[in-house]
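Trainee: In the order they appear, the protein sequences are chains B and S.
Take the first sequence: its position 132, counted from the start at 1, is 131 in numbering that gives the first Met the number 0, and no numbers get skipped.
Take the second sequence: its position 168, counted from the start at 1, is 167 in numbering that gives the first Met the number 0, and no numbers get skipped.
The beta-carbon is built from N, C-alpha and C at its ideal position, and this holds for glycine as well.
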Amino acid sequence: MSASYVYFFGCVIPNRYPGVEYAVRWVTGKEGFDLDVKDQKQFSCCPVPGIFYSSDKDTWLLLAARNLVLAQNERRQILTVCNGCLASLMKATEYLQDPKTMGKVNKTLAQIGKKYTGIAEKSEGRRKIFGPVKVRHYVEVMARDVGYEEIAKRTKHSLKNIKVAVHYGCHYLRPTEHAAFDDPNDPVMIDNIVEACGATSVDYEDRLDCCGAGGGVRSHVTELANSLTQDKCTNIAAAGADCIVTGCPFCLLQFDNAQKSFSKDGIPVMHVSQFQALAMGIDPISLGFDTHHVSAHSLLRKLRGS
Amino acid sequence: MKEQEKEVEKVFIGGLHEELVEDKVIDESQLEPDFPDEIKKYGGKDVMTCLQCGNCTGVCPISLKIDYKTRNIIKCCQFGLKKYTLGTRWVCATCYRCYEHCPADLNPAEVMIALRHIAVREGIIPPFIKTAATNLVKYGQSVKPDSEIDKIRSELDLGLIHSQDPEYHTVIREIQVLVHATKYDKLIGIQDEVKV
Chain B
0 MSASYVYFFG CVIPNRYPGV EYAVRWVTGK EGFDLDVKDQ KQFSCCPVPG IFYSSDKDTW
60 LLLAARNLVL AQNERRQILT VCNGCLASLM KATEYLQDPK TMGKVNKTLA QIGKKYTGIA
120 EKSEGRRKIF GPVKVRHYVE VMARDVGYEE IAKRTKHSLK NIKVAVHYGC HYLRPTEHAA
180 FDDPNDPVMI DNIVEACGAT SVDYEDRLDC CGAGGGVRSH VTELANSLTQ DKCTNIAAAG
240 ADCIVTGCPF CLLQFDNAQK SFSKDGIPVM HVSQFQALAM GIDPISLGFD THHVSAHSLL
300 RKLRGS
Chain S
0 MKEQEKEVEK VFIGGLHEEL VEDKVIDESQ LEPDFPDEIK KYGGKDVMTC LQCGNCTGVC
60 PISLKIDYKT RNIIKCCQFG LKKYTLGTRW VCATCYRCYE HCPADLNPAE VMIALRHIAV
120 REGIIPPFIK TAATNLVKYG QSVKPDSEID KIRSELDLGL IHSQDPEYHT VIREIQVLVH
180 ATKYDKLIGI QDEVKV
C-alpha cells in the first residue's frame, strides 16, 4: 500500500507565498503525481522553533503534540513543506519518546480531549521513525516516494538552459539525528530533483551556509540576517545562477526580502515545488510570482526563449 | 567592519566586548555560581564540560559578522556571569553547526536556547516574541494574515486560510487552553488576548 499523507503548510506559505501552496497541491494532485494526500483544517502553527521552542519548551511541546495527535488520528504521514515545521514536529516526536514527558503532555492534552500515543517503531541510520505519526519533508517524499525517474518522466517542459543555485537550509540538514534522510554534509535531493527537471544545478561557494533568517535573527536584527544573505547571494551570483531554489519557505522569504536591501534586481528565488511545477508545464501565472519581491521575469523570459 | 554591523553590535551585544576587554576587573560579587545549573534546568547540557576549543565560534555564521563569540558566551556561563549573557542571545540563528562540531557534545545551540528561556523569565522579551505569540492565540498561526495575499489566494482558487474558516474558533480555543495551562500567556504578557 502506498503511503498516505496530510498537508502541513505551516504559517509562511498560506499567508505570504500562496503560489507555493498552489504548486504543492498541483504537483501532488491529479495533474501531477496523484498522491493520496488530504487537508487537515485543525492544524495550527507547528509552532515555530525560533519563537516558542526558544521561549518556553513546555508550551512548544504541547502545541506540537496537538498537531501530531491530529495526524495520528488520521493515520496519515505529515507532509511538511517547510524546514521549520519539519524541525519542530520532528523534535517534538523525539521529546515525546520519553514516557515521563509523554505522560505530562497527555495530562494537559486531556483538557482538550486529545491523547498522543506515538512510539518509536524503527531506527533508520541515526534517525528514529515514529509510529503512527511520521513527519516527512516534501523534498524527501519527492525523492523517495515519487522518485527522480518519475519526476524526469513527467517533465514536459525541460528547463535545460536554466542554471540553478540550490539552497537547502539549516534545519533540513541539522541536527543530523533527525534530518538524516539526506546526507547532511553533501545533500543531493533538491539537486537531483532540479536535474530531473532538466535544469543544471550549479555548485557555489559555501552552499550549505545559513540564509541568516533562522532562530529569530530575521525578526530581531534584520540587518544582521540580511548581511548573511548578501554573502550567499554574492557567491550565487558568481556562479552565474539564474535562480535560487530552496525547500524552505522561510529561507525563501529571507532571500526574497533581503535582496532588495543590497541589490537592485536580485536573483529570482522559488520553492522547489514551484520549480517542479514549471517543468511539468503549469501556467506560470498560477505560481503567484507577483507575491515575490524579486521579480521572476528574467527567469520566465529565459524559459520562453529556450 | 561596516558601520551598520557596528551599530548592530552595539545595540544587540550590549557592549559585551568593551566591558570584558577594557581593563575591567570583574569581582566575585558579579558571579552567580548556580548559573550552570539554571542552564541545565532549561534543557542545556552542563556548560562545565566545555573544553574552550573554539570550534563552535569557528563554524558560527553569526560570529563572522559581529562580535558574538559562542566560546566567550559559554565561558561567561561557566563563570556565572549571568548579566553578560542574557540581553544578547537572540542573535543565534539556531543553525546547529556548533552542535555538529562540538567535541564535548555540549550542543552550544541548546545552551543559547536555555539562555533565552532564562532571559524571558527575567523579563527580557524581544517584541517579536510577543507579536508572534499574539498572532498564535488570535489566528492559530505565527504569521499575521494579509488581505492582499487573501485576494491572490482567491484568484488562485485556493480557498480560505484555515484560520478564517468559521469552524476554526474551536482550534483557537484549544490553543488558548494549552497556552494558559503552561502560564505562557502570563510569561509573555499576552493574558488579555487569552480568554479561557
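(1) Quick one: what's residue 237 of chain S bridged to in DSSP?
(2) I need the DSSP call for residue 30 of chain B, collapsed to helix, strand or coil.
(3) Alpha carbon to alpha carbon, how far is residue 203 of chain B from residue 256 of chain B?
(4) Would you mind telling me which residues of chain S sit closer than 8 Å to residue 169 of chain B, beta carbon to beta carbon, in chain order?
(5) Between which two residues does the beta strand (DSSP E) containing residue 4 of chain B stretch?
(6) Residue 30 of chain S touches chain B at which residues, Cβ-Cβ below 9 Å?
(7) Compute the distance between the beta-carbons of residue 262 of chain S and residue 24 of chain B, then report whether it is under 9 Å.
(8) Got a sec: is the Cβ-Cβ distance from residue 27 of chain B to anything in chain S below 9 Å?
(9) What are the partner residues of residue 150 of chain S, as DSSP defines its beta bridges?
(10) If you draw a straight line from the alpha carbon of residue 13 of chain S to that of residue 66 of chain S, how long is it in whole angstroms?
(11) Considering only C-alpha positions, which residue in the set S:31, S:177, S:164 is nearest to residue 77 of chain S?
(12) What distance in whole Å lies between the Cβ atoms of residue 175 of chain S and residue 194 of chain S, which are believed to be in contact at a cut-off of 8 Å?
(13) Residue 41 of chain B by DSSP, collapsed to three states: which one?
(14) For residue 51 of chain S, does the count of other Cβ atoms within 10 angstroms reach 16, so buried, or fall short, so exposed?
(15) Measure the alpha-carbon distance for residue 128 of chain S versus residue 58 of chain B and round it to whole angstroms.
(16) Would you say the segment 164-172 of chain B touches the segment 75-86 of chain B, given that touching needs at least three Cβ pairs under 8 Å?
(17) If contact is defined by three or more beta carbon pairs under 8 Å, each pair taking one atom from either stretch, is the segment 214-227 of chain B in contact with the segment 182-194 of chain B?
(18) Any idea if residue 261 of chain B is buried or exposed, counting beta-carbon neighbours within 10 angstroms, 16 or more meaning buried?
(19) Which ranges would you report for the alpha helix (DSSP H) in the segment 70-111 of chain B if only whole runs of at least 4 residues count?
(20) When you compare the CB positions of residue 53 of chain B and residue 112 of chain S, do they come within less than 9 Å of one another, or not?
(21) As a quick exercise: from B:189, B:232, B:193, pick the residue whose alpha carbon is nearest that of residue 209 of chain B.
(22) So is residue 64 of chain B buried or exposed if we call it buried at 16+ other beta carbons inside 10 Å?
(23) Any beta carbon of chain B sitting closer than 9 Å to that of residue 145 of chain S?
(24) What is the DSSP secondary structure of residue 192 of chain B, reduced to helix, strand or coil?
(25) Specify the secondary structure class of residue 62 of chain S as computed by DSSP and reduced to three states.
(26) Using the beta-carbon count (16 or more within 10 Å), is residue 33 of chain B buried or exposed?
(27) Classify residue 0 of chain B as buried or exposed, calling it buried when 16 or more other Cβ atoms lie within 10 Å of its own Cβ.
(28) Grouping DSSP H, G and I as helix and E and B as strand, with all else coil, what is residue 279 of chain B?
(29) For residue 288 of chain B, count neighbouring Cβ atoms within 10 angstroms of its own Cβ and tell me buried if that reaches 16, exposed if not.
(30) Report the option in B:275, B:294, B:265, B:45 whose CA atom is closest to the CA atom of residue 70 of chain B.
(31) Can you list, in chain order, the residues of its chain with a C-beta nearer than 7 Å to that of residue 37 of chain S? Leave out the 5 residues immediately preceding and following it.
(32) Starting from residue 243 of chain B, follow its DSSP beta bridges and name the residues at the other end.
(33) With distances taken between CB atoms, is the gap from residue 266 of chain B to residue 164 of chain B smaller than 9 Å?
(34) Hey, which unbroken runs of the alpha helix (DSSP H) at 4 residues or more fall wholly within the segment 23-101 of chain S?
(35) Closer than 9 Å by beta-carbon distance: list the chain B residues that pair up with residue 56 of chain S, in chain order.
(36) Enumerate in chain order the residues of its own chain whose CB-to-CB distance from residue 15 of chain B is below 8 Å, with the five nearest sequence positions on each side excluded.
Mentor: Reading from the atomic positions:
(1) The structure shown has nothing for residue 237 of chain S, since chain S only spans 0 to 195.
(2) On the first sequence, residue 30 of chain B is found 31 positions in, with the first residue counted as 1. Note: residue 30 of chain B maps to coil in three-state DSSP.
(3) Counted from its first residue, the first sequence places residue 203 of chain B at position 204. Counted from its first residue, the first sequence places residue 256 of chain B at position 257. Rounded to whole angstroms, residue 203 of chain B to residue 256 of chain B spans 21 Å at the Cα level.
(4) In the first sequence, counting from the first residue as 1, residue 169 of chain B sits at position 170. By Cβ distance, chain S contributes 92, 93, 94, 95, 96.
(5) Here residue 4 of chain B refers to the residue found at position 5 when the first sequence is read from its first residue. Start and end: 3-7.
(6) Position 31 of the second sequence, counted from the first residue, corresponds to residue 30 of chain S. Simply none; closest approach about 26 Å.
(7) This structure does not reach residue 262 of chain S, given that chain S is present from 0 up to 195, and the question cannot be answered.
(8) The residue given as residue 27 of chain B occupies position 28 in the first sequence. No, because no Cβ of chain S sits closer than 9 Å to the Cβ of residue 27 of chain B.
(9) Against the second sequence, residue 150 of chain S aligns to sequence position 151. In the DSSP output, where bridge partners are listed per residue, residue 150 of chain S has none listed.
(10) The residue labelled residue 13 of chain S in the question sits at position 14 within the second sequence. The residue labelled residue 66 of chain S in the question sits at position 67 within the second sequence. With a pLDDT of 45 at residue 13 of chain S, under the threshold of 50, the modelled position of this residue cannot be trusted, and the question is left open.
(11) One-based indexing of the second sequence puts residue 77 of chain S at position 78. Among S:31, S:177, S:164, the Cα nearest to that of residue 77 of chain S belongs to S:31.
(12) What you label residue 194 of chain S is simply residue 195 of the second sequence in a count that begins at 1. What you label residue 175 of chain S is simply residue 176 of the second sequence in a count that begins at 1. Confirmed, about 7 Å.
(13) If you number the first sequence from 1, residue 41 of chain B lands on position 42. If DSSP states are grouped into helix, strand and coil, residue 41 of chain B belongs with coil.
(14) Stepping through the second sequence from its first residue, residue 51 of chain S is reached at position 52. Result: exposed.
(15) Looking up residue 128 of chain S in the second sequence gives position 129. Looking up residue 58 of chain B in the first sequence gives position 59. So the alpha carbons of these two residues sit roughly 13 Å apart.
(16) yes
(17) no
(18) Within the first sequence, residue 261 of chain B is the residue found at index 262, counting from 1. Answer is exposed; the Cβ neighbour count stays below 16.
(19) 82-94, 98-108
(20) As a position in the first sequence, residue 53 of chain B is number 54, starting the count at 1. As a position in the second sequence, residue 112 of chain S is number 113, starting the count at 1. In this structure, residue 112 of chain S lies closer than 9 Å to residue 53 of chain B by Cβ.
(21) Sequence index remark: in the first sequence, residue 209 of chain B carries index 210 (1-based). Of B:189, B:232, B:193, the residue nearest in Cα terms is B:232.
(22) Residue mapping note: residue 64 of chain B aligns to position 65 of the first sequence, counting from 1. When all chains shown are included, residue 64 of chain B counts as buried.
(23) Residue mapping note: residue 145 of chain S aligns to position 146 of the second sequence, counting from 1. Residue 145 of chain S counts as touching chain B.
(24) Position 193 of the first sequence holds residue 192 of chain B. If DSSP states are grouped into helix, strand and coil, residue 192 of chain B belongs with the helices.
(25) For the purposes of this step, residue 62 of chain S is taken as residue 63 along the second sequence, with counting starting at 1. The answer is coil: DSSP assigns residue 62 of chain S none of H, G, I, E or B.
(26) Translated into the one-based positions of the first sequence, residue 33 of chain B becomes position 34. Around the beta carbon of residue 33 of chain B, fewer than 16 other beta carbons sit within 10 angstroms, so the residue counts as exposed.
(27) If you number the first sequence from 1, residue 0 of chain B lands on position 1. Any reading at residue 0 of chain B must be qualified, since the residue scores a pLDDT of 48, below 50, and its modelled position is unreliable; the value itself is stated next. Exposed.
(28) Numbered from 1 along the first sequence, position 280 holds the residue referred to as residue 279 of chain B. Here residue 279 of chain B sits in coil by DSSP.
(29) Here residue 288 of chain B refers to the residue found at position 289 of the first sequence. Flag for residue 288 of chain B reads buried.
(30) The residue given as residue 70 of chain B occupies position 71 in the first sequence. Checking every option, the nearest Cα to that of residue 70 of chain B belongs to B:45.
(31) The residue labelled residue 37 of chain S in the question sits at position 38 within the second sequence. Close CB contacts of residue 37 of chain S within its chain, under the 7 Å cut and outside five residues either way in sequence, are with 117 (chain order).
(32) Position 244 of the first sequence, counting from 1, holds the residue named residue 243 of chain B. DSSP lists B:164, B:268 as partners of residue 243 of chain B.
(33) Numbered from its first residue, the first sequence carries residue 266 of chain B at position 267. Numbered from its first residue, the first sequence carries residue 164 of chain B at position 165. Yes, the pair counts as a contact, with Cβ atoms nearer than the cut-off.
(34) 34-40, 54-58, 69-78, 81-85, 96-100
(35) To locate residue 56 of chain S, count along the second sequence from 1; it is residue 57. Within chain B, no residue comes near residue 56 of chain S; the closest Cβ sits about 15 Å away, beyond 9 Å.
(36) Position 16 of the first sequence holds residue 15 of chain B. Closer than 8 Å at Cβ, skipping near neighbours: 248, 252, 290.
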